[in-house]
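Below you'll find the structure, written out as structure tokens, and then a few comments.
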Amino acid sequence: MKLKIYNTLSKEKELFVPLNKNSIKMYVCGPTVYNFAHIGNARPAVIFDTLYRVLKSIYPKVTYVRNITDVDDKINEAAKKLNQPISAITNKYTDIYHKDMKSLCVLSPSHEPRVTDNIDKIISMIKKIIDNKNAYIKDDHVLFDVTSFDAYGKLSNRDREEMLAGARVEVADYKKNPGDFVLWKPSNENEPGWESPWGYGRPGWHIECSSMVETYLGDEIDIHGGGQDLIFPHHENEIAQSCSAHNSNRYAKYWVHNGYLNMEGEKMSKSIGNIVTVNELLEKYDGEVIRLALLSTHYRKPINFGESLLEQSKNILNKLYKNTENEVHGDKISEDVINPLLDDLNTPLAISNLLKIKCSKTLSKSAGLLGLLNKTSEEWFASNNKSKISKNDIELLIQERDEARKSKDFVKADEIRDQLDQNNVVLEDVDGKTIWRVKK
Ligand SMILES: [Zn+2]
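Numbering (my numbering), first residue to last: 94 to 533.
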């Protein structure tokens, strides 16, 4: 089985040749935990979870690291605004993120390091970059000197002038070049900070990821993932930092980026007020519906998210769950599902091919590669669509009805049957036993 994946570095779909086929290493930039994750944040989590599942089906060992950014100016602002300690904010939203991801059937990564647990590692990496003359100290800041790194701009394919014109680069008099970026900055006494050779302060955002990769995966990795919006400056800066610290020109072999997410045809933004959180969506839709919706567009293309896509995804899941009630003819993953996934993660084709599978076991196994069909069809139809009562409640009502019938209270027994019927649960009395099913 050969995986092909589009590499942002070469701008081509390439054959995936791992550094070591016995141990695959993948890193994806994780969330900054100061607010509810919105649906745009969920896209990379679901895409790279699917890639992780595909890699695990091919290779014996895959180490997947996704960090938690718990040091950030946005977190400091949120804490100030709510008058809460920073750790209360970061712990709360880390927990919510974990719950959201679980609902979307996103597997836990192998490691999920927090920045605050790795400050010493970050400091020692910054030291290496300074020693190698790629960074300088000015006014209690440590800054990366972009002119010291020849390959700067190679990933985003821009020259320095373009980079400065295209990005909002902070102008500051402590910078030698406008494009230089912060590795370490001073903290005042109300801000989170740690003692360092450059005074009391905190790391910049870009160095966090370089340091996590170094600590949990090593100097060089197979795949680095994230959203397209991170290519510049974040990923460009990561390459500059890691290669400078390691005196190397190799960091991540394959750079994989997912496209943007639009909400009902518009870019999600605070000013339009159309930001939708995963949490809100989960109140209305099953996590698998949201997951399938996110996988229904190829990961590199922009996705148009919204009600109609979610309804369409729910209908597809209804059909798939119905098919899990079919007979068993085999138990292997279908080639019509794995092959599109191996071809640059073509999830839309894999999903449409899932609908053609007749054997229930083949279907469940194949859907597992996409993280779908994790429930039984009873559970699915009981908790989705027409029935709003849980399996547990249905069984309790059946018990109550049996007791009513035993004591010849047929009025009550009929009332319970009607109540279940209104919830689209049909009872059938077979050989003295009551079985139930959800109307489809
Ligand atoms: Zn990152």
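Beta carbons are placed, not taken as given, at the ideal position from N, Cα and C, and that holds for glycine.
For residue i, the residue or residues it bridges with in DSSP
i      : result
Glu521 : Ile528
Ile161 : Arg207
Leu108 : Lys97
Tyr120 : Val158, His317
His131 : Thr370
Leu354 : Ile396
Thr125 : Thr162
Buried versus exposed, by CB contacts within 10 Å (16 or more), residue i
i      : result
Pro202 : buried
Asn485 : exposed
Arg132 : The residue asked about is misnamed: residue 132 is Ile in this sequence, not Arg. Buried: at least 16 other Cβ atoms inside 10 Å.
Gly525 : exposed
Lys185 : exposed
Ala172 : buried
Glu307 : buried
Met194 : buried
Ile528 : exposed
Met94  : exposed
Ala345 : buried
Asp511 : exposed
Pro326 : buried
Asn160 : buried
Asn342 : exposed
Leu112 : exposed
Lys199 : The displayed chain sequence assigns Val, not Lys, to residue 199. The residue is buried, with at least 16 neighbouring Cβ atoms inside 10 Å.
Pro137 : buried
Gln492 : exposed
Asn446 : buried
Gln515 : exposed
Phe503 : exposed
Asn283 : exposed
Gln177 : exposed
Leu489 : exposed
Val519 : exposed
Ala244 : exposed
Asp522 : exposed
Leu175 : exposed
Lys278 : buried
Val421 : exposed
Pro290 : exposed
Val110 : exposed
Ala228 : buried
CB contact below 8 Å: residue i versus chain D
i      : result
Gln334 : This model lacks chain D altogether; it includes just one protein chain.
Could you give the uninterrupted runs of the alpha helix (DSSP H) lying entirely in the segment 417-493, keeping only those of 4 residues or more?
428-435, 440-447, 453-461, 470-476
Threshold first: 4 residues or longer. Then list the alpha helix (DSSP H) segments lying entirely within the segment 359-424, N to C.
371-377, 380-388, 400-416
Are the segment 266-275 and the segment 232-240 touching by the rule of at least three beta carbon pairs closer than 8 Å?
yes
Mind listing, in chain order, the residues whose beta carbon lies closer than 5 Å to a non-hydrogen atom of ligand 1?
Cys122, Cys302
Sequence ranges, beta strand (DSSP E) only - wholly within the segment 228-296, length at least 3
228-231, 234-237, 274-279, 294-296
Touch test, the segment 409-416 against the segment 459-477, Cβ-Cβ under 8 Å, three pairs minimum
yes
Decide yes or no for the touch test of the segment 357-370 against the segment 156-171: beta carbon pairs closer than 8 Å, at least 3 of them.
no
Enumerated in chain order, which unbroken segments of the alpha helix (DSSP H) with a length of 4 residues or greater are wholly contained in the segment 308-348?
329-339
Given 8 Å, three or more beta-carbon pairs between the segment 97-117 and the segment 290-306:
no
Please determine if the segment 205-224 and the segment 139-154 are in contact, where contact requires at least 3 C-beta pairs separated by less than 8 Å.
no
Validate contact between the segment 367-379 and the segment 119-130 using beta carbons, cut 8 Å, 3 pairs:
yes
Flag this pair as touching only if the segment 102-121 and the segment 308-324 have three or more C-beta atom pairs under 8 Å; answer yes or no.
yes
Complete alpha helix (DSSP H) runs within the segment 170-207 (minimum length 4 residues, chain order)
179-196
Would you say the segment 430-443 touches the segment 493-503, given that touching needs at least three Cβ pairs under 8 Å?
no
Looking at C-beta atoms only, is the number of pairs between the segment 424-432 and the segment 387-403 that lie closer than 8 Å three or more?
no
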